[in-house]
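Working notes for the structure below.
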Amino acid sequence: MSFLNFVVFGAVMQCMLCLVLGSQYSIIRVQLKTRRSGGLYFGEIGIGTPPQKFDVVFRTGSSDLWVPSVGCTYCVAPHRYDKANSTTFKTDGTQTIIEEGTNKIWAIKSLDDISVGPLAIKQQPFAEAVIYPNGLSNPDQIDGVLGLAAPSMATVDRNTLYSNMLGQGLLANNIFTFYFKRTIGSNNSGEVVFGGWDETKFYSEKLNFIPLSNKSNWSFDVDSITAGSSIFSGSTQFRAETGTAPIHLQQDIS
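Every letter in the sequence shown is one number past the one before it in the UniProt record's numbering, and letter 82, counting from 1, is 82.
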């Protein structure tokens, strides 16, 4: 299974990212939310049977799925996963360290059924965070991260959630897309769509496909950047990252 193309298109008011691969069953929409206190977009998933609900960042900058464990130390998330309350939990117990920016989160690997909208991904490997860095802040009140980068970047398990969606034949097309609004503090700030895109906002004949310069982390080459009346000309590399609010530039550009 290979990751082929990643597309970025839109304007200041909206952005959409596409991963293109192959084809099969459903198109699933997950509504994205934001808090006034932060700048991250996140949506709800369920883990276990019955599903325990978590708000996670659907992040193209990482590959792992993790949420806090019920026994987590220093956790600053609103919800915690309790394996005792799931009939589909299976133990693995492998210890791992997940890096989120400059922070390291100690975790253990587990398996359980994951629900994304009406989809159920069976026996998905994920990480239960057991130790957060002391003093870590969480203004968005997010529970965890659902990584959408390539399996080669995974720390927990290379059978990532998206690769298992494909492997279990759950999607109408092997595509995922993002739509972001500039609405902050709303339960309707955009959406992530698995298996397609919203054709009321974006039309297939108007899509522009951009080749990746790094297929693991959604990097692509840019020839010029325009900001107001300022123009930077010269080749540089950008990475499409849905899990961070700022736009980061090289010092000689900014």
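By construction, the Cβ of each residue, glycine as well, lies at the ideal position given by its N, Cα and C atoms. A quick note: this is a predicted structure, and the numbers were derived from the prediction, not measured.
Counting C-beta pairs with one atom in each stretch, the segment 236-244 and the segment 57-68 have three or more that are closer than 8 angstroms, which means they touch. Secondary structure at residue 199: coil, using DSSP grouped into helix, strand and coil. Residue 159 has its alpha-carbon roughly 40 angstroms from the corresponding atom of residue 232.
Looking at 249, 161, 237, 183, the one whose alpha-carbon comes closest to that of residue 121 is 161.
Secondary structure in the segment 131-185: the beta strand (DSSP E) runs of 3 residues or longer, each lying completely within the stretch, are 144-147, 176-180 in chain order.
Rounded to whole angstroms, residue 187 and residue 105 show a C-alpha spacing of 28 angstroms. Annotation for residue 36: 184, 185 place their beta carbon closer than 7 angstroms to its own, counting only its chain and skipping 5 residues before and after.
The beta carbon of residue 138 sits closer than 7 angstroms to those of 76, 77, all from its chain and outside the five residues before and after it, given in chain order. For residue 85, the secondary structure class from DSSP, reduced to helix, strand or coil, is helix. Membership of residue 225 in the beta strand (DSSP E) is indicated by the continuous run 219-227. When the Cα atoms are used, residue 115 and residue 228 turn out to be separated by approximately 43 angstroms.
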